[in-house]
Amino acid sequence: MLSDEHTIIQADFYQRSEVLQISRELLGKYLITEIDGEVAGGMIVETEAYSHINDRACHSHLSRRTNRTEIMFHAGGVAYVYKVYGFHFLFNIITNVADKADAVLIRAIEPVINPEIMQQRRNLAGLTYRLTAGPGMLTQALGIGKQHYGIPVTTGEHIWIEDRGVKIAPEEIVASPRVGVDYAGEDALLPWRFRLRENKWTSRAK
DNA sequence: CATAGGATCGCCT
DNA sequence: GGCGATCCTATGT
Numbered sequence: 004m005l006s007d008e009h010t011i012i013q014a015d016f017y018q019r020s021e022v023l024q025i026s027r028e029l030l031g032k033y034l035i036t037e038i039d040g041e042v043a044g045g046m047i048v049e050t051e052a053y054s055h056i057n058d059r060a061c062h063s064h065l066s067r068r069t070n071r072t073e074i075m076f077h078a079g080g081v082a083y084v085y086k087v088y089g090f091h092f093l094f095n096i097i098t099n100v101a102d103k104a105d106a107v108l109i110r111a112i113e114p115v116i117n118p119e120i121m122q123q124r125r126n127l128a129g130l131t132y133r134l135t136a137g138p139g140m141l142t143q144a145l146g147i148g149k150q151h152y153g154i155p156v157t158t159g160e161h162i163w164i165e166d167r168g169v170k171i172a173p174e175e176i177v178a179s180p181r182v183g184v185d186y187a188g189e190d191a192l193l194p195w196r197f198r199l200r201e202n203k204w205t206s207r208a209k
């Protein structure tokens, strides 16, 4: 059953201190962009949590502040977009209050809204899992880039998250170690990657 | 299906 | 100078 409620998630949701809980709650929500006049998006099926304390994998660990990480110290509800490996943009939402620089990385969505434009941006034909099953893939599919660094995700402009009434039971969520953070030592083992069990649109497990 | 190598920007030592 | 919160293509099963 489709719900009539398409509520844009507001800043108070993001400004809570429990980044693991927020990461879980974002599963089943809809990430939607309106960029270059095109609306596109889908249901979030995979996230990762990063915490400014007790987490060496986090860019803001020990309050490390650079031009890149500056926005992480803003109050929750803004976009943290950065480039990895010189190619791919990764999209995060900052959480917690100002100066408590936590973040949730959106790693995969199930393409639902306007998949045609996503295929066009990705130069792919058909609904293959390669369309949005990875953090670099989904930003390309949705048109997210450096120009969205720091913008709020609560206004319904450019990038926002909707609650469309999808309910996710705790047993539908699989927690596992995060991807590509071996440099973080034992913090790389923290089970802070969350995905929907049995959903084919999650990124490949390592 | 698994692995290897390349692309290339920003931050670190 | 090294390497990352990655992805694609080519190659050998």
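Quick note on the working numbering: the first sequence kicks off at 4 and runs consecutively.
For every residue, glycine included, the Cβ atom is placed at its ideal position computed from N, Cα and C.
A quick note: this is a predicted structure, and the numbers were derived from the prediction, not measured.
The Cβ atoms of residue 127 and residue 135 lie no closer than 8 Å to each other. Of all C-beta pairs linking the stretch 98–110 to the stretch 34–51, three or more are shorter than 8 Å, placing the two stretches in contact.
In the three-state scheme derived from DSSP, where H, G and I count as helix and E and B as strand, residue 98 is classed as strand. Scanning its chain for C-beta atoms nearer than 8 Å, with the 5 sequence neighbours on each side dropped, one finds around residue 41 the residues 117, 120, 146, in chain order. The three-state reading of DSSP puts residue 23 in helix, counting H, G and I together. Uninterrupted beta strand (DSSP E) stretches at least 3 residues long and entirely within the stretch 21–58 occur at 33–38, 41–53, given in chain order.
If the five residues before and after residue 123 are omitted, its C-beta is found closer than 6 Å to no C-beta atom of its own chain.
Look at the stretch 157–193 and you find these whole runs of beta strand (DSSP E), each 3 residues long or longer: 162–166, 176–179. In its chain, beyond the 5 residues on either side, 47, 48, 50, 171, 176, 197, 199 have a beta carbon closer than 7 Å to the beta carbon of residue 30.
Residue environment analysis places residue 150 among the exposed positions, since fewer than 16 neighbouring C-beta atoms fall within 10 angstroms of its C-beta.
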